[in-house]
Structure formats: C-alpha cells, structure tokens
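Position 94 of the sequence shown, counting from 1, maps to 94 under full-length UniProt numbering, and the rest follow consecutively.
Glycine included, C-beta positions come from ideal geometry on N, C-alpha and C.
Keep in mind the model is a prediction, meaning the values are calculated, not measured.
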Amino acid sequence: MSFLTRYTHSSLLSTFSNSARCLRQRSDIGLLPSRVILVRNFPPKSTVADFLALKGTSHPIESIITTGLRKNTVEICYLEAASAKCTWYNGRNNLMLDGQPLSIRFQPPRRLPVEVVAAIGLYGASRGVVFRSFRGLTKKKLEEDMTRRFGKLERIWVQQEQDFGIVTFLQLQDAIKAKKTLQDEGWLVNFWESLLPQPTKTIRRADPELARHGVLLEGLRDPTPRSVLRHLNDILHFRNGDPIRIDAKDKGAILIFNSPLNAKRICEFYKPPPGVHMELIDTNPPSRRECAAVQVGASRTVVIEGYKKSAQITFDRVHEDFSKFGEIFYVYINPAKAHARVVFTNLASSLKAIEHIHENCQEYEIYHGAHITYARLLNEKEKISPLRPIVIRPALSDKSSSHLIKSAPSTKDFERTSNPRNALMDPDAEVEFDHWHFIDCSPDLGEVDWVEHRDEATGRTRLDVSPRRKEQ
Numbered sequence: 001m002s003f004l005t006r007y008t009h010s011s012l013l014s015t016f017s018n019s020a021r022c023l024r025q026r027s028d029i030g031l032l033p034s035r036v037i038l039v040r041n042f043p044p045k046s047t048v049a050d051f052l053a054l055k056g057t058s059h060p061i062e063s064i065i066t067t068g069l070r071k072n073t074v075e076i077c078y079l080e081a082a083s084a085k086c087t088w089y090n091g092r093n094n095l096m097l098d099g100q101p102l103s104i105r106f107q108p109p110r111r112l113p114v115e116v117v118a119a120i121g122l123y124g125a126s127r128g129v130v131f132r133s134f135r136g137l138t139k140k141k142l143e144e145d146m147t148r149r150f151g152k153l154e155r156i157w158v159q160q161e162q163d164f165g166i167v168t169f170l171q172l173q174d175a176i177k178a179k180k181t182l183q184d185e186g187w188l189v190n191f192w193e194s195l196l197p198q199p200t201k202t203i204r205r206a207d208p209e210l211a212r213h214g215v216l217l218e219g220l221r222d223p224t225p226r227s228v229l230r231h232l233n234d235i236l237h238f239r240n241g242d243p244i245r246i247d248a249k250d251k252g253a254i255l256i257f258n259s260p261l262n263a264k265r266i267c268e269f270y271k272p273p274p275g276v277h278m279e280l281i282d283t284n285p286p287s288r289r290e291c292a293a294v295q296v297g298a299s300r301t302v303v304i305e306g307y308k309k310s311a312q313i314t315f316d317r318v319h320e321d322f323s324k325f326g327e328i329f330y331v332y333i334n335p336a337k338a339h340a341r342v343v344f345t346n347l348a349s350s351l352k353a354i355e356h357i358h359e360n361c362q363e364y365e366i367y368h369g370a371h372i373t374y375a376r377l378l379n380e381k382e383k384i385s386p387l388r389p390i391v392i393r394p395a396l397s398d399k400s401s402s403h404l405i406k407s408a409p410s411t412k413d414f415e416r417t418s419n420p421r422n423a424l425m426d427p428d429a430e431v432e433f434d435h436w437h438f439i440d441c442s443p444d445l446g447e448v449d450w451v452e453h454r455d456e457a458t459g460r461t462r463l464d465v466s467p468r469r470k471e472q
C-alpha cells in the first residue's frame, strides 16, 4: 500500500484544489485500489501489443494513453485493480521488452464508468471490434475512417480475402460508440469478447457442487420472483448482489446465482418453511457477459442519489420510468435524503436501465442533480464506490443557455477533457470527469414500511418501500 500513500501525499496534492471538499476526496480515493499503471522506459520501436504479449500483463483494459506523456511512457488503465497489481508485481521481477527493463508504477485511482459496466454485461464490450464485411474498404482506408470518426487505434488486423478483421481501439468507450454507430448503419460488426475470468473456476474441480449455479424452491404458494425475493430479502446480502435473477416455474422458482459458492451457502444456512423443498441443482449458468459485469460492479439495484427534491418524484413516477426495463422487485424512496432505489428481479433489467439512462439523459431531467449507479456492498478498504456514476444535469433553456455560447468548449478543451488522464490531472476538468461523490450503497435500509399496491384494472401488484415514520 506504500504506492497509494505516496500518491495521496504528493501527486494528488497538486492535482486537486485546496478546498475542503477536495481534501476530503483526496483521503477517500487514497483508499481506493488503483487500476492504472504507468510503464516507463518503453522501447520506441515496440508497440502496446508487444507489451501485452509479456507474461502477466494481458488483462481486459479500459484505456491506453500513449500521447501527452513523457517520452517512452505508456499509461494503461485496466478494468480491475487486481489486473494492475498483477502487472505491477511482474514489473518488480525485471520485466523486459526488446532488451530494455521496464519501470512500472501505479497512477492515482480512476473509477470505472457505470455505462461501461452495462455495455460489458449486455454486449461483452471490449476494445476490439470484429468486422465481417469491409464494404470494399482497404485496410488503410478503414484505419483512417475509424480513427477520424471514433478515436485512435491500437492496431488493426485484416484478412482481406475473407472480408474479416479486428479493429482494436485505445479506448474502450470509443469501441462501444463505434460498434453501436456502425450497427445502426448496417455494418456487420460485434465485439471481440475478451471477458474477465470467473473467480470460482479454479476451485470447481475440488468440489463438484461449486459448478451448480441454481437453487430450486418447490411448494411455494406464490412462486413469482417478487414474492420469492420478498421472502428471502433479510438473508440475501451477498457482496456481489446475488442472485442475479429468479426464474418462476409451476409452484416453484429457481434462483440463479453468479457465484456457485453463494448458492451453496443458501442451501446450508436457510431453513425453508414447512412444505417448501429446497435443493442445489444443475441449471444453465449466467452468461459470461453477466458474470463479467458483476465482477466489475453490476447488480440488480439501481441507486438514484442526490436529486433535487421535488414533489413530482413519487412511487408512481419511478415505477413508470423504470418498469419498461423489466420486472421490479421494489422501489425505495427516502424524500428527506433525496435517495431512491429501483431493485429489479433480473440483472439484465438493471443493465438495460443504465444503458438507456446514459444514452437518453434528457428523458430523466426530473431527477436532475442525481448520481445514478449500481448498489454494491463496499469492502472494508473502500470508502467510496469504484464505479463512476451517471450525473443527470438539467437541460438549459434557450434563454438561459444563450449567455453560455461564448464559453462553449473549444476543440482544445474537448481534447483535454475527453482524455481520462488529462481530466483527472486538470483541477477544472476533474470536476466534470468525476467529483467522487459518495453514494450510500448499503443494503441496510434501516426500519422501513413495505406497502403492496394492486392495480385492479390489470391485476398487477407492486411493492413500495419507505422509511418508517416515527410516532409522535
């Protein structure tokens, strides 16, 4: 942890302003493991691909920065802090590239955008975009077109005879934008899925039960996902948000867990009521995309924190805005703290919600000021979530925005803030990039009231949860 202490007391001191808010942020991010490394003494003729071919360095990456740094220096931001630590550890053992010893250091922590997590869970997003048709473009023309439209490339591989190739961007978000835009234009493209490994894979050989992701509950009066989760709500407090979904069946339900170990724990410690049978079963496991998203922070719960208090933000409105993404377990609103949560019965629903909010922020202006992210239990060493939330900003009217036209960002300003590293190191840009707002993600809501509403017209029910009112 010495490297974190060093950055906390030196580099970060010059990064942020001297306000009380920034001093508090400095202490918080010092306890957040860093995903970012700086590789120095990088051989001029070597490429990033050469470095990633070295033992212990090839892990899923969010971004690579090769410009705007010192000479012969490359910055790599991995998806996980554990990947950066692995590379740093290998660097201590005389990591060599093209005959030159490399120097690897940690950089200040940087949070992973929550919309990137959603793209990983929904599409298996990575920096590599697979092309199954070039539409007659040559390799050089394709490279120029992709760079001009979406961002810098790490490399491009083309098999012209089969009309097939892989374009690898330096930035994961550039690849996400490219894949979406090109698909909308009719291109045959998809992600080259280099997903994160599942942590339980290495111990399944020792215990066959750790290959079982499902828990079957039979004999239930009401096997709907909402009813099952309500019954188990007091014991389902796993750090990764398990289970990721509930599949209903005749007089029963199957709980699907991301971690087979959590499924086994439920069967060992939960005693079902009389007449209800429970067992660990073999079932279709969660997709690798969903597992990867959970590993970097996704959950079934979407938190809406810090919105401007308004009488328009009601249970009816929140249900209306979020039910289109999938079945909702419950909605929690604490008006006094401007805090709300939407808990879905399926992880896929929360992934779709985050993606849609990110792409259509204007539809959620009623929540302006809100920070929207996934709810996850933080570990003992974390004071702040490792995920960067979506911030809902109010739309400016024509009248209010007219005086701001002169201060619109120039091309130079855009380049400065679009680079994650520049945004972090620039005090002004940092506030726009991530102001490290603390969000309460604890599953413990305290004393609450559960209210079930039934729509007589449709026969559907919903659950609303609010803080228990103190008796006068």
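Non-local beta-carbon contacts of Glu279 in its own chain, meaning distances under 6 Å to residues more than five positions away in sequence, involve Leu216 in chain order. Contact check for Ile254 against Ile235 fails: the beta carbons are separated by 9 Å or more. Taking 9 Å as the cut-off, the beta carbon of Val276 is found no closer than this to the beta carbon of Phe191.
Excluding its 5 nearest sequence neighbours in each direction, Lys309 has C-beta neighbours in its own chain below 6 Å: Ala338, listed in chain order. Cα atoms of Ala82 and Ser126: separation of roughly 18 Å, rounded to the nearest angstrom. Following the DSSP letters along the chain, one finds Asn284 in no beta strand (DSSP E), marked with neither H nor E.
Collapsing the DSSP output to three states places Phe150 in coil.
Straight-line spacing of the CA atoms in Lys251 and Ser442 works out to 32 Å. Looking at the DSSP output, Asp464 bridges to Val331 and Val451. Distance between Asp222 and Val228, taken at the CA atoms: about 8 Å.
In the DSSP secondary-structure assignment, Ile76 is bridged to Ile37 and Ile64. Check the Cα spacing between Thr57 and each of Lys383, Lys249, Ile384 and Ile76: the tightest is with Ile76. The C-beta distance from Ile372 to Val303 rounds to 7 Å, short enough to meet the 8 Å contact threshold. According to the DSSP secondary-structure assignment, Leu229 is paired through a beta bridge with no residue. In this structure, the straight-line span from the alpha carbon of Ile333 to that of Gly459 is close to 24 Å. Looking at the backbone, the Cα of Ile366 and that of Asp449 are separated by about 25 Å. For the options Gly136, Glu115, Asp50 and Arg70, the alpha carbon positioned closest to that of Lys177 is the one of Glu115.
Taking the Cα of Cys291 as reference, the smallest distance to any Cα among Leu347, Arg462 and Thr283 is reached at Leu347. In the structure shown, Val129 adopts extended strand secondary structure according to DSSP, grouped into three states. Phe169: member of the beta strand (DSSP E) spanning Phe164 to Phe169, first to last residue. Rounded to whole angstroms, Arg226 and Thr461 show a C-alpha spacing of 9 Å. Counting along the chain, Asn190 sits inside no alpha helix (DSSP H); it lies in the beta strand (DSSP E) bounded by residues Val189 to Phe191.
Residue environment analysis places Gln173 among the buried positions, since at least 16 neighbouring C-beta atoms fall within 10 angstroms of its C-beta.
Your pair Arg110 and Val39 does not check out as a contact, with CB atoms roughly 16 Å apart and the cut at 8 Å. Here Tyr307 is buried, its C-beta having at least 16 other C-beta atoms within 10 Å. Ile372 is bridged by DSSP to Ile304 and Ile390. Considering only Pro335, Tyr330, Lys179 and Asn41, the residue with the shortest C-alpha distance to Thr314 is Pro335. Trp436 sits away from Ile354, with the two beta carbons spaced by 9 Å or more. With respect to the C-alpha of Asn258, the residue from Ser63, Pro286, Lys271 and Ser466 having the closest C-alpha is Pro286. The C-alpha of Thr87 lies about 14 Å from the C-alpha of Asp50. In the DSSP secondary-structure assignment, Gln159 is bridged to Phe164. For the options Asn240, Ile166 and Ala370, the alpha carbon positioned closest to that of Val296 is the one of Asn240. Taking all protein chains shown into account, Ser133 has fewer than 16 neighbouring C-beta atoms within 10 Å of its C-beta and is therefore exposed. By the CB criterion at 9 Å, Gln100 and Pro60 fall outside the cutoff.
Buried is the label assigned to Lys179, since at least 16 other Cβ atoms lie within 10 Å of its Cβ.
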